[in-house]
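Line by line, the protein sequences are chains G and R.
For the first sequence, counting from 1, position 408 maps to 391 in the working numbering; every step adds exactly one.
For the second sequence, counting from 1, position 98 maps to 101 in the working numbering; every step adds exactly one.
Working notes, beginning with the structure itself.
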Amino acid sequence: MKKITALLVLLFINTLTFAQIQKLGQLASGKIIDSRIIYEEESEDVFGYFYLYEKDKIGRRAYELGYVILDNNLNVITSNTFAQASYSTLLIKFRVYLSFVNKIDNKIIFGLHDRPKASEVRILYNYFNHRYKQIDLETFELSEDLIVQGNKMIETRYEFGDKMRFRDVKHNQSLFPISKNRFLLFAESKEYENNTSMFSVGGRYIRKAKEGLGSFRILDQNFETILEKPINTDEENEGYYTYVASDEDVLILNKKPITGAIYRSFHLMFYDLNTGDLKKEFNYIDDEYKMYYADDIKFTENEIILYVGIYGKEEPVNAYRSLGYAKYVFDKQAGEQISRDYFLWKDLEPHLQFVHEYGWIEDYGIIYPIEFLPLENDNTIVMAEGFSGGGVESTIKDLFVFELDANLRVKYLNKIEKTPYTLKIPSNWLFTVKENNLHDYGYSQKLDEDGNYVFFYLNNLYNEKNISKSRKIKNAEWILGIISYVDGKFTYDKIDLNRERSKIYPRKAKNGYIQLFEIEGDDVEVRLERINY
Amino acid sequence: MKSVVSFLLLCISISSFSQELTLADTLDVELKKELTELYTSRVEKQQAIFDKQISNRRTRREVQAVYEEMSDAFINTIEEGYFVENEVYRDFLDDVLEKIQKSNLDYPAIKDTKILLSHGALPNAYAIGNDMVVLYMALVKSIPNEYELAFIICHEIAHNLLEHSYNDIVEHASLKTSKKIRKKTREVRWSRYNRGQQALGLYKDIVYGKRKNNRKLEHQADSLGFILYENAFPDKKYQAIKSLQTLGSIDVEREMLSYSDYKMLFDTEKHSFKKEWINNEELSQYNYDTTQRFWQVDSLKTHPDCDLRIASLEQHFNTSSSDTVIPSEVFTVIQKASHANQVLGLYAIEEYGRSLYEALLLLKNNPSDSLLNQIVTQNLIKLQKAQRNYVLNRYLALPSPRYSNSYNAFLYSFRQVRNAQLNAIINKYNTTDS
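In structure tokens form, the structure reads like this:
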């Protein structure tokens, strides 16, 4: 088998191949351009996998794309192809990306958008030409392209030879899938209407364009509007809104005020998804501390749980000036705060010794939580990484695993030593590390329905300093760390990802499993392995 | 490998289930050496024939390259211990072969035929040329009598007599080196647009053409095979038809494991086998697309459907007969022993998941059989080790719509068992062994 594109090659080649005929087979095969995990509805378990590939270039600005959908045991469910126009300019090449892939009842809905190939190109319409397609999982029919313009869903059909003009697609609005098979749609900005050029006219313009949004809508799975809510109706309190989280009852948006310093905090806006009423505006300040943004938000049947870093009211918002974390619990229906608990760094003593209240460990650095996982018994598991830095660099160190009780008191703490590595990120920009998943810690997942979990992290054991980046990559000795939490106890396991003649790449799989791609030369073995516990 | 040897040597004495039948050591160095030498000498002879018969230099080079690759792969199979030798099987197969050979003196090449017995999960047989025929143990266990097996052997001998394997190599090499294909491939590569579509179209034509030819060759092998068979067993002609009927439904699973079977097999003192472990609803939640978008499946088949093969034989030969067959004692012994031998063989070629499943199917009806208990234990140990090293999927497949419900339930259930529970099950079997 060839590289991972062999998945697609196999769709076309299932016979013996001699070289010339193999060349034909290769010419007939596709190139994967993007992929997504498809999650079960209202669940974090995996339904399957979606692979988008480029099958053929059928014209100067037209492609035949294709997709393959696998089930959670890696069996092919369906595959198909469709034609798409592509946009290009003299200087900038664009390519297509997946926006999302969601399962809604008996359909798969996926979104596509175009983006410049070179990430350094910053243009106003970094993401544009948003369009959507539906696959019926009963008949496997693929819909035509669906676009949203003027808040309406319109069906379009690409005919070969059609030329895509920027002005035709610049007003395509983007949908955000939210819980319970619904979509969030922000109305077009007034600024967008006036703009005719696709190139940036400055950061201020971009901000104003985003802030000019006048409403948001909630659409059902048939793209019908079920709720519309005006926003930015008061000029003094304008901001730009982004989606944060939702469940079947609550929609949470971030609102960033338009004026003020870069560290001025967001506001979390809690909307009732059935009525559109604003239930709560959380402005990240309480009577004791100030905060910046939510580190983690989880939902239960009746509550919203928010974990957020806390800082002194007069202190700058900076990872190295954090005093700890707060756990807020809000009533979903009323939006009222039910409880608030603080977890301060000093609460980790005597497990760890801190030099001062900001959580600095002597000759080490700080601990920065990456994930908070609330358990059914009201305890919380925290996955954190050690950091240190100065100037324009940050070093990621060990992994810390702790379990906090319902009052955020430490019940368990373990430090897993890892090989440190350094990022070119200013040391006071640790938020960037988390936002861009640059940390070693991966994710958590349920093992089963008995309240057992597994956590994954990566570590490169190769620790030579002062060598080139290419050598670092070539000599990397990755391991995949697996931490299981079963029946209230933690156990630790590892998979060596560097074998003698092969390399292994892990990928998220259904609950209780990990997907491993083992590549040896041109051969790829894809395995689904159950977590040991 | 050493552990496999020691395990197999422990299985020398076989229980009443599989009667007095020893499985010869597939790791016998002498056996491998002899077989490799025999095969190599035949390959060399054939290479000389290719050299002489193929005038086009480019084609000849391509044929040699492909033939060498195929031969190396077969020698590898020998080295890996896929083939098994056993006196009782050997006597039986030689007896059948002798009958065929003596009744078909017009085909003197039959006397050079070597029938090999192979481990494997599939009930299959194949002819590789070089006067060699391979029968899988899974096939032997699934065939009801020696006459049906004899027809299958005749079919494979016919492939060799008709030189299908060699012709296939030469045809492919000719196609590959043909100016037409090379030119077309170049044209496709240099096309600016629709390269994929053109390549796929051309590729499909080649594949469909080859598969269509394969189906034609199968009819030829059926026809000549029937002639060979009829000459050897004239009063058992209808068994040829029965053989094809058997092959038509050979993939249908006849045995399955029920929840009560799992309880009996896997319950331990501290852990009870849970019903939800086999209630796998994973596959049933999916609808699998059977639309033929890229390939026409019928056109891809290498063999015509058995119904068509039967109809073809009935059309061209007089096959009507009311012969009833009671399998001979020897065949009955071999067939029965093949059940256990297949399980052992699957273990020998590291198909631990399949071996375990087949062993459990046998064990449920013979719970006190010591050989089967040993096989189950050893497979469980291997699978446990694989799971610890995160390579279980190499030895135990994932549930798939291609498999039967019973097999899928087994594949699913094994992965529901926690480490402690698996340890307990292994201890249970270890205790049973001792």
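Where a beta carbon is used, it is the ideal one built from N, C-alpha and C, also for glycine.
- When rounded, the separation of the alpha-carbon atoms in G471 of chain G and K394 of chain G is 11 Å.
- Within 10 angstroms of the beta-carbon of T62 of chain R lie 16 or more other beta-carbons, which makes it buried.
- Using a Cβ-Cβ cut-off of 8 Å, E483 of chain G is close to nothing in chain R; its nearest Cβ partner there is about 14 Å away.
- Taking 8 Å as the threshold, the shortest C-beta distance from F282 of chain G to chain R does not fall below it.
- DSSP places E37 of chain R inside the alpha helix (DSSP H), whose first and last residues are 32 to 56.
- When G:E432, G:F326, G:S82 are compared, the shortest CA-CA separation from N362 of chain G is found for G:F326.
- When DSSP reads this structure, I352 of chain R sits in no beta bridge, so it has no partner.
- A buried status is given to H250 of chain G, since no fewer than 16 other beta-carbon atoms sit within 10 Å of its beta-carbon.
- Three or more beta-carbon pairs separated by less than 8 Å are not found between the stretch 290 to 297 of chain R and the stretch 405 to 419 of chain R, which leaves the two stretches without contact.
- Annotated three-state conformation of F414 of chain G is helix, per DSSP.
- Under the Cβ criterion of 8 Å, R510 of chain G is counted among the residues facing chain R.
- Residue state for G471 of chain G is assigned as coil, using DSSP reduced to three classes.
- Here the stretch 400 to 408 of chain R lies against the stretch 49 to 68 of chain G, with 3 or more beta-carbon pairs under 8 Å apart.
- For K385 of chain R, there is no enclosing beta strand (DSSP E); the residue is part of the alpha helix (DSSP H) that begins and ends at 373 to 391.
- Interface with chain R (8 Å Cβ-Cβ cutoff): L120 of chain G is included.
- Excluding five sequence positions before and after H154 of chain G, the CB atoms of its chain that fall closer than 6 Å to its own CB belong to Q132, given in chain order.
- Taking the C-beta atoms as reference points, G49 of chain G is found no nearer than 8 Å to N58 of chain G.
- Of the other Cβ atoms in all chains shown, 16 or more fall within 10 Å of the Cβ of F123 of chain G; this residue is therefore buried.
- Residue-level contact by beta carbon holds for I41 of chain G and chain R, with a gap shorter than 8 Å.
- Using a Cβ distance threshold of 8 Å, L366 of chain R and L268 of chain R count as a contacting pair.
- Across the stretch 48 to 74 of chain G, CB contacts with chain R closer than 9 Å involve I52, D54, N55, N56, L57, N58, V59, I60, T61, S62, N63, T64, in sequence order along the chain.
- S275 of chain R sits exposed, since fewer than 16 C-beta atoms from the chains shown fall within 10 Å of its C-beta.
- Chain G has no Cβ within less than 8 Å of the Cβ of P147 of chain R.
- Straight across, the Cα-Cα distance linking F282 of chain G with Y80 of chain G is about 30 Å.
- Contact note: I478 of chain G reaches chain R through Y393, using a C-beta cutoff of 7 Å and chain order.
- Counting C-beta atoms within 10 angstroms of its own C-beta, Y110 of chain G has fewer than 16 neighbours from the protein chains shown and is therefore classed as exposed.
- Judged by their CB atoms, L178 of chain R and V191 of chain R are not nearer to each other than the 8 Å cut-off.
- When Cβ pairs closer than 8 Å are counted between the two stretches, the stretch 227 to 243 of chain R is seen to touch the stretch 139 to 159 of chain R, the count reaching three or more.
- Linking N396 of chain R to K310 of chain G through their CA atoms gives a straight-line distance of about 41 Å.
- Within the stretch 208 to 276 of chain R, the runs of alpha helix (DSSP H) at least 4 residues long that lie entirely inside it are, in chain order, 241 to 251, 262 to 269.
- Against chain R, the beta carbon of N515 of chain G has neighbours under 8 Å at Q390, R391, Y393, N422, listed in chain order.
- Between Y262 of chain R and I172 of chain R, the C-beta spacing is not below 8 Å.
- With a contact defined as Cβ atoms closer than 8 Å, L196 of chain G and F169 of chain G qualify at about 5 Å.
- Under a 10 Å Cβ-count criterion, F143 of chain G is classified as exposed, with fewer than 16 other Cβ atoms of the shown protein chains found around its own Cβ.
- Considering only beta carbons, no part of the stretch 337 to 368 of chain G lies closer than 9 Å to chain R.
- The alpha carbon of I146 of chain R has as its nearest neighbour, out of R:Y169, R:S331, R:R391, R:G199, the alpha carbon of R:S331.
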